[in-house]
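Numbered by our numbering, the letters in the sequence shown go through residues 21 to 223 in order. Here is the structure we will look at.
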Amino acid sequence: MNDKFFDLKKEKQDKMINGAMQVFALKGYKLASTDDMVKVAGVSKGLWFHYFVNKAGLYTFVADYCVKYLNMELAVNLSSSKTDYFDILYTIEETKAGISKIYPYAPLMIQAMEDENDEEIAEVTKSKIEPYLEKVNEALSAFDEGKLSKHVKRSMLDMTVGYTIKGIREKAYSKGEFDAEKYLSELKEYFEMMKNTVYVDGE
């Protein structure tokens, strides 16, 4: 990318970043187009190519920016004192929701990166999402699996909770604008229900 992008006013930078995030998050890499970004951000097509050369360059920048921004916030919010599985995951989602006030599609962009399978960008996506996944796994390593009921497998719990978060998140975006407060409220209800199901004595 052209480093002169950072010479732009922050407002214009964020407008372009948000436009790109929205299109990549909703359509995935393959179907995303700069024409859509022009419509969303109101920034001329020439500027996109001037600063990012091509779609792959733009995706690489936005993916990197999104993960670094999120990890910076998680470094503040994820304290070592958090050891409960659901509390850790809730804090992660709460942090994403907080970021959405500035970058509305950041939570969905992270999800899209986890799901991205286009061969053209697969290696880039994997390398950019890895620092976030490492931070999540590091935080969850503090959880004592002895709290789980004997019938609960950690791998199945991870998958079940992952699908639940994804479903609630997509629902929160279904009307075109992320409702962070409603998302977190619903997520908390599901997590409380799951705690009563998967923990020994529901604790």
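Think of the CB as a built atom: it goes at the ideal place given N, C-alpha and C, for glycine as much as any other residue. Quantities reported herein were computed from a predicted structural model and do not represent experimental measurements.
Backbone CA spacing between residue i and residue j [nearest angstrom]
| i | j | result |
| --- | --- | --- |
| VAL172 | LYS186 | 21 Å |
| SER161 | GLU139 | 31 Å |
| TYR79 | LYS50 | 11 Å |
| TYR210 | ALA117 | 17 Å |
| GLU93 | THR115 | 7 Å |
| LEU204 | PHE26 | 33 Å |
| ALA76 | ALA83 | 10 Å |
| LYS32 | TYR71 | 13 Å |
| TYR110 | MET21 | 35 Å |
| THR103 | ALA159 | 8 Å |
| MET176 | LYS148 | 26 Å |
| MET213 | ASP178 | 15 Å |
| ILE141 | ASP23 | 22 Å |
| ILE122 | LYS170 | 42 Å |
| ILE108 | LEU98 | 7 Å |
| TYR89 | ASP221 | 38 Å |
| LEU28 | ALA95 | 28 Å |
| ILE130 | PHE81 | 13 Å |
As assigned by DSSP and simplified to three states, the class of residue i
| i | result |
| --- | --- |
| LEU28 | coil |
| TYR219 | strand |
| LEU109 | helix |
| LEU168 | strand |
| ALA117 | helix |
| ILE122 | coil |
| LYS102 | coil |
| SER147 | helix |
| VAL96 | helix |
| ILE37 | helix |
| ILE141 | coil |
Outcome for residue i when other beta-carbon atoms lying within 10 angstroms are tallied against a minimum of 16
| i | result |
| --- | --- |
| ASN39 | Sequence inspection shows Gly at residue 39; the Asn mentioned does not correspond to that position. Buried, since its Cβ has 16 or more Cβ neighbours within 10 Å. |
| PHE198 | buried |
| ALA226 | Past the edges of the chain, shown from 21 to 223, lies residue 226, and the structure says nothing about it. |
| ALA126 | buried |
Presumed contact (8 Å Cβ cut-off) between residue i and residue j, rounded CB distance
| i | j | result |
| --- | --- | --- |
| VAL73 | MET57 | About 14 Å separates the two Cβ atoms, so there is no contact after all. |
| PHE163 | TYR105 | 5 Å |
| field | Any alpha helix (DSSP H) of 4 or more consecutive residues that is wholly inside the stretch 157–215 | value | Given a length threshold of 4 residues, each whole run of the alpha helix (DSSP H) inside the stretch 157–215 is given here in chain order: 174–193.
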